[in-house]
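Trainee: Just passing along the structure, written as structure tokens.
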Amino acid sequence: MMPDMQIDWDITWLDEVASTNNAALDAARSGCLEGTVIVAGSQTRGRGRRGNVWHSPSGGLWFSLVLRPELERNELWGLTALSALSAVAGVRSLTGLSVGIKWPNDLYIDGKKLGGVMAESSGGAVVIGIGLNVNVDPADLPSVEWYPVTSLLAEGSGRIDLALLLNGILSELGERYGLLVHRGFSALLDEWRERSVVRGMRVRVECDGSEFRGTAVELDELGGIVVELQDGAERRFEPRAGVSLGLDKSS
Ligand code: BTN
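346 is the number of the first residue of the sequence shown in my numbering; add one for each residue after it.
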């Protein structure tokens, strides 16, 4: 790998906050430096993609970081992807557990959702929020209609030092950020495909209110996913608001 971007991470730990993404967006609007990180023991109004509530009890790793990337607008999706890859790598090196990515931003273990990544922009800054159910007791995990949820604790990791895990993820992120900025997403494409849990799976895609079912056949270098629909036609979906993908259990 190329030398990382040497981001000076400036980490603030809070006991509780409404949402670390909100706090990081406020900090970004006030002109904070790239590398500002806000971590919270728990969140009272954690947010997920598509306006979902993000259940954030104590024991999880809930944090947001501010980047000020020199990237074209159409390359920004790569930040979500590299953050998911960094979370996967950080968990794996600390616990040995194999985490996969359900396109485009969900972290899965063994068919269950472990965490997620969410990017939001404000001015020239991008805030990346990462939520991971780490030391969350199985009894405190939310029950979600669409998919099972798990934690590292529930998967047998034992209790994890959250600061160690955070530092590991940030260091992985610095490396991949350097690759994205200097060489583009193609430098991360092999890892992106390798960690994907959707290729070859039956999927259900909601796109701007319409539903499509088929088999995920490819992840492309522009962040899209190609699905072979039931009539044999292939359709590409972009990783943007208005598009979401679920694993199709009805097949
Ligand atoms: C998703 O899967 O929908 C993305 C979830 C992102 C949750 C994290 S937890 C830290 C940060 N603060 C928030 O309010 N959300 C993100």
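By construction, the Cβ of each residue, glycine as well, lies at the ideal position given by its N, Cα and C atoms.
State the DSSP-derived secondary structure class of residue 514, mapped to helix, strand or coil.
Mentor: Locating residue 514 in the sequence shown gives position 169, counting from the first residue. Looking at residue 514 - three-state DSSP - the assignment turns out to be helix.
Trainee: Using a 10 Å radius around the Cβ and a threshold of 16 neighbouring Cβ atoms, would you call residue 407 buried or exposed?
Mentor: Position 62 of the sequence shown, counting from 1, holds the residue named residue 407. Answer is buried; the Cβ neighbour count reaches 16.
Trainee: How big is the Cα-Cα spacing for residue 430 and residue 462?
Mentor: Locating residue 430 in the sequence shown gives position 85, counting from the first residue. Locating residue 462 in the sequence shown gives position 117, counting from the first residue. Between residue 430 and residue 462, the C-alpha separation is close to 10 Å.
Trainee: Measuring CA to CA, which of 566, 558, 585 is closest to residue 311?
Mentor: An answer regarding residue 311 cannot be provided, because it is not within the stretch 346 to 596 covered by the chain.
Trainee: Sort out for me which residues DSSP pairs residue 411 with in a bridge.
Mentor: Walking along the sequence shown from the start, residue 411 turns up at place 66. Beta-bridge pairing links residue 411 to 472.
Trainee: Thinking residue 410 and residue 505 are a contact (beta carbons under 8 Å), I'd like their distance in whole angstroms, please.
Mentor: On the sequence shown, residue 410 is found 65 positions in, with the first residue counted as 1. On the sequence shown, residue 505 is found 160 positions in, with the first residue counted as 1. At roughly 19 Å, the Cβ-Cβ gap does not stay under 8 Å, so residue 410 and residue 505 are not in contact.
Trainee: Under the DSSP definition of a beta bridge, which residues are partnered with residue 460?
Mentor: If you number the sequence shown from 1, residue 460 lands on position 115. Per DSSP, 452, 477.
Trainee: Residue ranges of each beta strand (DSSP E) run of no fewer than 3 residues wholly in the segment 482-553, ordered along the chain?
Mentor: Correct list: 547-552.
Trainee: Quick one: what does DSSP say residue 438 is sitting in, helix, strand or coil?
Mentor: Along the sequence shown, read from residue 1 onward, the residue named residue 438 stands at position 93. Correct three-state label for residue 438: helix.
Trainee: Do residue 445 and residue 542 count as a contact pair if the criterion is CB distance below 7 Å?
Mentor: For the purposes of this step, residue 542 is taken as residue 197 along the sequence shown, with counting starting at 1. For the purposes of this step, residue 445 is taken as residue 100 along the sequence shown, with counting starting at 1. Yes.
Trainee: Can you check which of these residues, 511, 584, 490, is closest to residue 405 by C-alpha distance?
Mentor: Mapped onto the sequence shown, residue 405 falls at position 60. Checked all of 511, 584, 490; the closest Cα to residue 405 is 511.
Trainee: CA-CA distance, residue 455 and residue 500?
Mentor: Working through the sequence shown from its first residue, we reach residue 455 at position 110. Working through the sequence shown from its first residue, we reach residue 500 at position 155. Near 9 Å, if we compare the C-alpha coordinates of residue 500 and residue 455.
Trainee: Between the segment 415-428 and the segment 516-527, are three or more C-beta pairs nearer than 8 Å?
Mentor: Enough Cβ pairs lie closer than 8 Å, so yes.
Trainee: Is residue 365 close to the ligand BTN? I mean its beta-carbon at under 6 Å from any heavy atom of the ligand.
Mentor: In the sequence shown, the residue the question calls residue 365 occupies position 20. Yes, the beta carbon of residue 365 sits closer than 6 Å to at least one heavy atom of the ligand BTN.
Trainee: State the CB to CB distance for the pair residue 592 and residue 448, rounded to an integer number of angstroms; the pair is presumed to be in contact (CB under 8 Å).
Mentor: Within the sequence shown, numbered from 1, the residue matching residue 592 stands at position 247. Within the sequence shown, numbered from 1, the residue matching residue 448 stands at position 103. With a Cβ gap of about 10 Å, residue 592 and residue 448 do not count as contacting.
Trainee: Taking 7 Å as the threshold (C-beta atoms), are residue 434 and residue 539 in contact?
Mentor: By 1-based counting over the sequence shown, the position of residue 539 is 194. By 1-based counting over the sequence shown, the position of residue 434 is 89. Not in contact: residue 539 and residue 434 (Cβ atoms no closer than 7 Å).
Trainee: Here's a check: name, in chain order, each residue in its chain whose Cβ is nearer than 6 Å to the Cβ of residue 579, leaving out the five neighbours to either side.
Mentor: Reading the sequence shown from its first residue, position 234 is the one you call residue 579. 571, 573.
Trainee: Counting C-beta neighbours from all protein chains within 10 Å, is the total for residue 362 16 or more, i.e. buried, or is it exposed?
Mentor: Along the sequence shown, one-based indexing puts residue 362 at 17. Buried, since its Cβ has 16 or more Cβ neighbours within 10 Å.
Trainee: Please say whether residue 368 and residue 383 have beta carbons closer to each other than 7 Å?
Mentor: Residue 383 sits at position 38 when you count from the first residue of the sequence shown. Residue 368 sits at position 23 when you count from the first residue of the sequence shown. Cβ atoms of residue 383 and residue 368: closer than 7 Å.
Trainee: Can you tell me which of 451, 471, 364 puts its alpha carbon nearest to the alpha carbon of residue 416?
Mentor: Taking the first residue of the sequence shown as 1, we reach residue 416 at position 71. For the residues 451, 471, 364, the minimum Cα distance to residue 416 belongs to 471.
Trainee: Residue 346 by DSSP, collapsed to three states: which one?
Mentor: Position 1 of the sequence shown, counting from 1, holds the residue named residue 346. At residue 346, the pLDDT of 48 sits below 50, so the modelled position is not reliable; the number obtained from the coordinates is stated separately. Reduced to three states, the DSSP call for residue 346 is coil.
Trainee: Of the residues 534, 413, 545, 583, which one's Cα is nearest the Cα of residue 469?
Mentor: Reading the sequence shown from its first residue, position 124 is the one you call residue 469. Comparing Cα positions, the closest option is 413.
Trainee: Going residue by residue through the segment 358-410, where are the continuous alpha helix (DSSP H) segments of at least 4 residues, counting only ones entirely within it?
Mentor: The segment 358-410 contains these whole alpha helix (DSSP H) runs: 365-374.
Trainee: With DSSP collapsed to three states, give me the class of residue 579.
Mentor: Reading the sequence shown from its first residue, position 234 is the one you call residue 579. Strand at residue 579.
Trainee: Less than 6 Å between the CB of residue 407 and some heavy atom of the ligand BTN, yes or no?
Mentor: The residue labelled residue 407 in the question sits at position 62 within the sequence shown. Residue 407 Cβ: within cutoff of the ligand BTN.
Trainee: Determine whether the beta carbon atoms of residue 569 and residue 581 lie at a separation below 7 Å.
Mentor: Residue 569 sits at position 224 when you count from the first residue of the sequence shown. Residue 581 sits at position 236 when you count from the first residue of the sequence shown. In contact: residue 569 and residue 581 (Cβ atoms closer than 7 Å).
Trainee: If residue 439 and residue 513 are in contact, beta carbons under 8 Å, what's the gap, nearest whole angstrom?
Mentor: Here the question's residue 439 lines up with position 94 in the sequence shown. Here the question's residue 513 lines up with position 168 in the sequence shown. Contact holds; Cβ gap of about 6 Å.
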